[in-house]
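**Student:**
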Amino acid sequence: MAGAKETPRQRMIGMMYLVLTALLALQVSNQILQKFVLLNDGLERTSRNFIEKNEFTVSSIANTVEQQGNNERDVPKVAAAQEVRKASAEVYSYLEGLKQELITESNAKDDQGMYKTSALKNVDVPGQIFNNQRKGFEMQDRLNAYPDEISSILASIGIELQFGDIAKDAKDIEIFKNDSEARNKNFVNLNFVKSPVGAVMALISQYQNEVLNIEGEALSAITGSIGTFYFKSDVFKASVAANSNVVAAGTKFEGNLFIASSSSSAQPKMAVNGREVPVVDGFGEISFTVPPASQYDDRGLARQVLKGEITVNIAGKDSVLNVDYEYFVAQPVIRVTSEVVNQLYADCANDLMIDVPALGNNYAPDFSITNGNIIKGQRPGQVTVIPGASGKVTIGVSSGGNKIGNVDYDIKPVPAPTIRAFDGRGQIDVSVAYPAPGPASLAVRAVPEPTFARTMARDSNFEVTGGEVILLRNEVPRERVAISGENVAIRNLLAAARSGDNLVIRVTEVTRTNFRGNKIRNNQPEVIRIAIK
Numbered sequence: 000m001a002g003a004k005e006t007p008r009q010r011m012i013g014m015m016y017l018v019l020t021a022l023l024a025l026q027v028s029n030q031i032l033q034k035f036v037l038l039n040d041g042l043e044r045t046s047r048n049f050i051e052k053n054e055f056t057v058s059s060i061a062n063t064v065e066q067q068g069n070n071e072r073d074v075p076k077v078a079a080a081q082e083v084r085k086a087s088a089e090v091y092s093y094l095e096g097l098k099q100e101l102i103t104e105s106n107a108k109d110d111q112g113m114y115k116t117s118a119l120k121n122v123d124v125p126g127q128i129f130n131n132q133r134k135g136f137e138m139q140d141r142l143n144a145y146p147d148e149i150s151s152i153l154a155s156i157g158i159e160l161q162f163g164d165i166a167k168d169a170k171d172i173e174i175f176k177n178d179s180e181a182r183n184k185n186f187v188n189l190n191f192v193k194s195p196v197g198a199v200m201a202l203i204s205q206y207q208n209e210v211l212n213i214e215g216e217a218l219s220a221i222t223g224s225i226g227t228f229y230f231k232s233d234v235f236k237a238s239v240a241a242n243s244n245v246v247a248a249g250t251k252f253e254g255n256l257f258i259a260s261s262s263s264s265a266q267p268k269m270a271v272n273g274r275e276v277p278v279v280d281g282f283g284e285i286s287f288t289v290p291p292a293s294q295y296d297d298r299g300l301a302r303q304v305l306k307g308e309i310t311v312n313i314a315g316k317d318s319v320l321n322v323d324y325e326y327f328v329a330q331p332v333i334r335v336t337s338e339v340v341n342q343l344y345a346d347c348a349n350d351l352m353i354d355v356p357a358l359g360n361n362y363a364p365d366f367s368i369t370n371g372n373i374i375k376g377q378r379p380g381q382v383t384v385i386p387g388a389s390g391k392v393t394i395g396v397s398s399g400g401n402k403i404g405n406v407d408y409d410i411k412p413v414p415a416p417t418i419r420a421f422d423g424r425g426q427i428d429v430s431v432a433y434p435a436p437g438p439a440s441l442a443v444r445a446v447p448e449p450t451f452a453r454t455m456a457r458d459s460n461f462e463v464t465g466g467e468v469i470l471l472r473n474e475v476p477r478e479r480v481a482i483s484g485e486n487v488a489i490r491n492l493l494a495a496a497r498s499g500d501n502l503v504i505r506v507t508e509v510t511r512t513n514f515r516g517n518k519i520r521n522n523q524p525e526v527i528r529i530a531i532k
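If you're matching positions, the sequence shown starts at 0 in numbering that gives the first Met the number 0 and goes up one per residue.
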């Protein structure tokens, strides 16, 4: 834009324009369209703040020139500032008229003044208005003539300041000039043809911001050319310039609390919500962690009001200027990912990843738990939850010392394993009689339930540790050996076995080794009968 180094706010506005323009090329969902409406609201709120600030600057320029004795070199600057304001207001109003025409022609609002999703998705009306009716080409001409008009006004009072075009074709935009599909599109086709109403609304609001930003730069240049700035005791206004007025709980609110026309000679004291903030070069630096709201609306937002207070010497006495600034807290949503996310297994190591996407890189999690224990992993949000024996587990999620919310889970008992008999060839089919004298080797295993074995590998180690194998003949026990582990010594039973006998495996106890290496014994009566033919 201007030849001078851009401020963070100017860079933010330029980046927002690029993002908006790029998003117009996408097939947008209902959720993204709703975000466009939210973005448009924020842009319009920024425009109102811009207008208030610029109007105050125009008034301050006139007051300064008067207080300095109406120096003949400075008097024309008052008229120039007023011309800049008038030219900006005309272009702004022209853009607002186009925006309202778009809303009307697309029937975008219902009887209650709420935006209708179906209308916001309409891609025909923007093309009809801005392409077919040629209003987009007229808009491009008006927008690109505006910077030249402002530069001409400044040149008339000896200020050389040039501004670039506002409404550009794709080839003149960095992110599109090497894009084979987009670079040949003109301003109208790039921005309006086949673009949804909701996105075009936000784009027009962004162009209004561009106009007001150029106005602000021009007025700042005029102010700086006058010299020392004096406050007039009856014209003062406090204001807030925030990086964003939509803030996720757990992240920082950042911005500036300031007197709209500051002075290097002034030494104001500033406070936000009763807490003093540091003042650097006349600007109060606001930074605080936003706690969760008690209630959110259906968009997941909660309205908050920042109360600022500036104490400054005016006409020889301390005066207090107050400002209320509206912002919105976005509701953070806790997202848990795990193979066992619906239920947690009792006394097992349940691995979870607990994230709050809205916090981004500011996510610094801490957790509390009822009816269980919790172990933090190496990555933020990575935890191992060991629930109690039954009931529910409640996990409290905090970030940076601020409570985000809770997640609750039912505690699921560990599923009992299935008892199976194996010989040297594999699992024994007990539905078929075994050739006499029986299996040369016998292993009795506790096989975990498949899902539990897959998701809880560290806790699914089962072993049969109690029971016996009995040789039955005519249902009368002949020999028996105890089961004390997986492999059972049945040589004596086989030596006495003959066709028609049965080997009966009677299990009484199964032991599970958990993730800590602890042995957990459980009674599990089960009988397997192997017939010998």
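We put the CB at the ideal spot given by N, CA and C, even for glycine.
#1: Which word fits V332, buried or exposed, when buried means at least 16 other C-beta atoms lie within 10 angstroms of its C-beta?
#2: Helix, strand or coil for P476, going by three-state DSSP, please let me know.
#3: Mapping the DSSP letters down to three states, classify D409 as helix, strand or coil.
#4: Just the C-alpha distance for T454 and E448, rounded to the nearest angstrom, thanks.
#5: Report, in whole angstroms, the separation of the C-beta atoms of V196 and S105, which I expect to be a contact under 8 Å.
#6: Do G376 and T383 have their C-beta atoms closer together than 8 Å?
#7: Please report the residue range of the beta strand (DSSP E) in which F282 lies.
#8: From I418 to V480, what does the alpha carbon distance come to, in whole angstroms?
#9: Which whole-angstrom value is the C-beta distance of V431 and A420, which I expect to be below 8 Å?
#10: Can you give me the Cβ contacts of P414 inside the same chain, cut-off strictly under 7 Å, excluding the 5 residues immediately before and after it?
#11: Got a sec, what are the start and stop residues for the beta strand (DSSP E) Q381 sits in?
#12: Let me confirm a value: E82 is counted as buried when at least 16 other C-beta atoms fall within 10 Å, else exposed. Which label applies?
#13: DSSP beta-bridge partners for I394?
#14: Given A575, which residues of its chain have a CB within under 7 Å of its CB, disregarding the five upstream and five downstream residues?
#15: If you reduce the DSSP assignment to three classes, tell me which class T227 lands in.
#16: With distances taken from CA atoms, which of F162, Q161, K184 and A88 is nearest K170?
#17: Considering only their Cβ atoms, is the gap separating V392 from I403 smaller than 8 Å?
#18: So what does Y344 bridge to, in DSSP terms?
#19: Alpha carbon to alpha carbon, what distance is there between S318 and D233?
#20: Can you round the beta-carbon distance between V355 and S293 to whole angstroms, since I take them to be within the 8 Å contact cut?
#21: Please state whether DSSP places V77 in a helix, a strand or coil.
#22: Is there contact here, the stretch 174-181 with the stretch 150-161, by at least three beta-carbon pairs under 8 Å?
#23: If you draw a straight line from the C-alpha of Y408 to the C-alpha of F366, how long is it?
#24: Between which residues of its own chain and E485 is the CB-CB distance below 8 Å, once the five residues before and five after are set aside?
#25: Provide the residue span of the alpha helix (DSSP H) that contains F186, from first to last.
#26: What three-state label does DSSP hand M455 in the structure shown?
#27: Work out the CA separation of A357 and K193 for me, nearest whole Å.
#28: State buried or exposed for S87, treating a residue as buried only when at least 16 other CB atoms are found within 10 Å of its CB.
#29: In chain order, which continuous runs of the alpha helix (DSSP H) of length 4 or greater are located wholly inside the stretch 103-150?
#30: Considering only the alpha carbon of each residue, which of K115, D346, K85 and A166 lies closest to F35?
#31: Could you check if M113 is buried or exposed, using at least 16 other CB atoms within 10 Å of its CB as the buried criterion?
#32: Smallest Cα separation from P438: which of S498, K518, I368 and L343?
#33: Short of 7 Å in beta carbon distance, which residues of its chain neighbour A118, apart from the five on each side in sequence? Order them along the chain.
#34: Determine the DSSP secondary structure at Q207, reduced to helix, strand or coil.
#35: Can you tell which of T512, P524 and G425 has the C-alpha that lies nearest to the C-alpha of E467?
#36: Let's see if you can read the secondary structure: which residues bound the beta strand (DSSP E) around R528?
**Tutor:** For this structure:
#1: Stepping through the sequence shown from its first residue, residue 332 is reached at position 333. V332 comes out exposed.
#2: The residue labelled residue 476 in the question sits at position 477 within the sequence shown. DSSP places P476 in strand when its eight states are reduced to three.
#3: As a first step, residue 409 must be located in the sequence shown, where it is residue number 410. Collapsing the DSSP output to three states places D409 in a strand.
#4: What you label residue 454 is simply residue 455 of the sequence shown in a count that begins at 1. What you label residue 448 is simply residue 449 of the sequence shown in a count that begins at 1. Using only the alpha carbons, I get a separation of about 10 Å.
#5: Your numbering for residue 196 matches position 197 in the sequence shown. Your numbering for residue 105 matches position 106 in the sequence shown. Correct: roughly 5 Å between the Cβ atoms.
#6: Within the sequence shown, residue 376 is the residue found at index 377, counting from 1. Within the sequence shown, residue 383 is the residue found at index 384, counting from 1. With contacts defined as CB atoms closer than 8 Å, G376 and T383 qualify as a contacting pair.
#7: Here residue 282 corresponds to residue number 283 of the sequence shown, with the count starting at 1. Annotation: the continuous beta strand (DSSP E) that includes F282 extends over F282 to T288.
#8: For the purposes of this step, residue 418 is taken as the residue at position 419 of the sequence shown. For the purposes of this step, residue 480 is taken as the residue at position 481 of the sequence shown. Approximately 18 Å, taken between the alpha carbons.
#9: Start at 1 with the first residue of the sequence shown, and residue 431 comes out as number 432. Start at 1 with the first residue of the sequence shown, and residue 420 comes out as number 421. A420 and V431 do not touch by the CB rule: their CB atoms are close to 12 Å apart, not below 8 Å.
#10: Looking up residue 414 in the sequence shown gives position 415. Its chain contains E448 and F451 as the residues whose beta carbon lies nearer than 7 Å to that of P414, once the 5 sequence neighbours on both sides are disregarded; these appear in chain order.
#11: On the sequence shown, position 382 is the one that residue 381 refers to. Start and end: Q381 to P386.
#12: Against the sequence shown, residue 82 aligns to sequence position 83. Burial state of E82 is buried, judged by a 10 Å Cβ sphere holding 16 or more other Cβ atoms.
#13: The residue you call residue 394 lines up with position 395 of the sequence shown. Looking at the DSSP output, I394 shares a beta bridge with I368 and V406.
#14: Nothing about residue 575 can be read from this structure; the chain reaches only from 0 to 532.
#15: For the purposes of this step, residue 227 is taken as residue 228 along the sequence shown, with counting starting at 1. For T227, the predicted model reports a pLDDT of 38, less than 50, meaning its position is unreliable and no value from the coordinates is stated.
#16: Working through the sequence shown from its first residue, we reach residue 170 at position 171. The closest CA to that of K170, considering only F162, Q161, K184 and A88, is found on K184.
#17: In the sequence shown, residue 403 corresponds to position 404, counting from 1. In the sequence shown, residue 392 corresponds to position 393, counting from 1. In this structure, I403 sits away from V392, with a CB-CB distance that is not shorter than 8 Å.
#18: Numbered from its first residue, the sequence shown carries residue 344 at position 345. Y344 is bridged by DSSP to K411.
#19: What you label residue 233 is simply residue 234 of the sequence shown in a count that begins at 1. What you label residue 318 is simply residue 319 of the sequence shown in a count that begins at 1. Any answer about D233 is weak, because its pLDDT of 45 lies below 50 and its placement is not dependable; what the coordinates show is given next. Cα to Cα, D233 sits roughly 11 Å from S318.
#20: Your numbering for residue 355 matches position 356 in the sequence shown. Your numbering for residue 293 matches position 294 in the sequence shown. The Cβ separation is near 18 Å, so there is no contact.
#21: For the purposes of this step, residue 77 is taken as the residue at position 78 of the sequence shown. DSSP places V77 in helix when its eight states are reduced to three.
#22: Fewer than three beta-carbon pairs drawn from the stretch 174-181 and the stretch 150-161 are found closer than 8 Å, and the two stretches are therefore not classed as touching.
#23: Within the sequence shown, residue 408 is the residue found at index 409, counting from 1. Within the sequence shown, residue 366 is the residue found at index 367, counting from 1. Looking at the two C-alpha atoms, the distance is approximately 15 Å.
#24: The sequence position of residue 485 within the sequence shown is 486, counting from 1. Annotation for E485: A442, V443, R444, E462 and V463 place their beta carbon closer than 8 Å to its own, counting only its chain and skipping 5 residues before and after.
#25: Within the sequence shown, the letter at position 187 stands for residue 186. Counting along the chain, F186 sits inside the alpha helix (DSSP H) bounded by residues F186 to N190.
#26: Locating residue 455 in the sequence shown gives position 456, where the first residue counts as 1. In this structure, M455 counts as coil in the three-state DSSP scheme.
#27: Residue 193 sits at position 194 when you count from the first residue of the sequence shown. Residue 357 sits at position 358 when you count from the first residue of the sequence shown. Rounded to whole angstroms, K193 to A357 spans 31 Å at the Cα level.
#28: Indexing the sequence shown from 1 puts residue 87 at position 88. It counts as buried.
#29: Qualifying alpha helix (DSSP H) stretches, in chain order: 116-119 and 123-126.
#30: The residue you call residue 35 lines up with position 36 of the sequence shown. It is K115 whose Cα lies nearest to the Cα of F35.
#31: Within the sequence shown, numbered from 1, the residue matching residue 113 stands at position 114. Burial call: exposed.
#32: The sequence position of residue 438 within the sequence shown is 439, counting from 1. Closest in C-alpha terms to P438, from the list S498, K518, I368 and L343, comes S498.
#33: Within the sequence shown, the letter at position 119 stands for residue 118. Within the same chain, A118 has close Cβ partners S105, N106, A107 and V196.
#34: If you number the sequence shown from 1, residue 207 lands on position 208. Helix at Q207.
#35: Locating residue 467 in the sequence shown gives position 468, counting from the first residue. P524 is the residue among T512, P524 and G425 whose C-alpha sits nearest the C-alpha of E467.
#36: To locate residue 528, count along the sequence shown from 1; it is residue 529. Annotation: the continuous beta strand (DSSP E) that includes R528 extends over K518 to A530.
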